[in-house]
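**Student:**
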Amino acid sequence: MAHPKQFAELIGTAILVFTIQVASSDLAPLAIGGILISIVFAGGPVSGAHYNPAISLAVALRGSMSFGEMISYMASQIVGGVLGGWSGGIVSPSFSEFG
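Under this note's numbering, think of the first position of the sequence shown as 105, with each following residue one higher.
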């Protein structure tokens with residue numbers, strides 16, 4: 105079973121990538137920003153709300169996270185990104201080659 109931190113990173117990254125992929129109007133930046141605020145408030149207390157492997161790397165280099173935890177965060181974020189992109193391709197196939 106996955107740990108809550110990694111699960112929060114996976115779900116948050118999937119939601120963010122999904123929103124970026126399907127937001128297609130002039131208000132897309134507001135939709136993406138609103139989702140980002142929401143997932144940071146939801147996942148921040150659980151995992152720190154990195155949602156980006158570069159942020160996890162920076163936190164690990166700073167010494168606030170072990171190398172093993174950084175790898176598990178990055179794996180969760182990559183899987184979440186793939187799931188979010190896949191879901192976006194299904195919902196909005198006109199913007200994706202995947203759906």
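Each residue gets a CB set at the ideal place from its N, CA and C atoms; glycine is no exception. Keep in mind it's a predicted model, so treat the numbers as computed, not measured.
On the criterion of 16 or more Cβ atoms from any shown chain inside 10 Å, does G65 qualify as buried, or is it exposed?
**Tutor:** A query on residue 65 cannot be resolved here, the shown segment of the chain reaching from 105 to 203 and no further.
**Student:** Within 10 angstroms of the Cβ of A112, are there 16 or more other Cβ atoms? Answer buried if so, exposed if not.
**Tutor:** buried
**Student:** Taking L165 as part of the alpha helix (DSSP H), name the residues at either end of that continuous run.
**Tutor:** Under the DSSP assignment, L165 falls in the alpha helix (DSSP H) whose first and last residues are P157 to R166.
**Student:** For the pair the segment 171-178 and the segment 153-160, tell me if three or more CB-CB distances fall below 8 Å.
**Tutor:** yes
**Student:** Whose C-beta lies closer than 6 Å to the C-beta of G188 among residues of the same chain, with five residues either side of it excluded?
**Tutor:** A118, V121 and F122
**Student:** With a threshold of 7 Å on Cβ separation, who are the neighbours of V150 within its own chain once the five nearest residues in sequence on each side are excluded?
**Tutor:** P108, K109 and A112
**Student:** Could you tell me the alpha carbon to alpha carbon distance between Q125 and G192, rounded to whole angstroms?
**Tutor:** Those two C-alpha atoms are separated by around 6 Å.
**Student:** Could you give the uninterrupted runs of the alpha helix (DSSP H) lying entirely in the segment 168-195, keeping only those of 4 residues or more?
**Tutor:** 171-195
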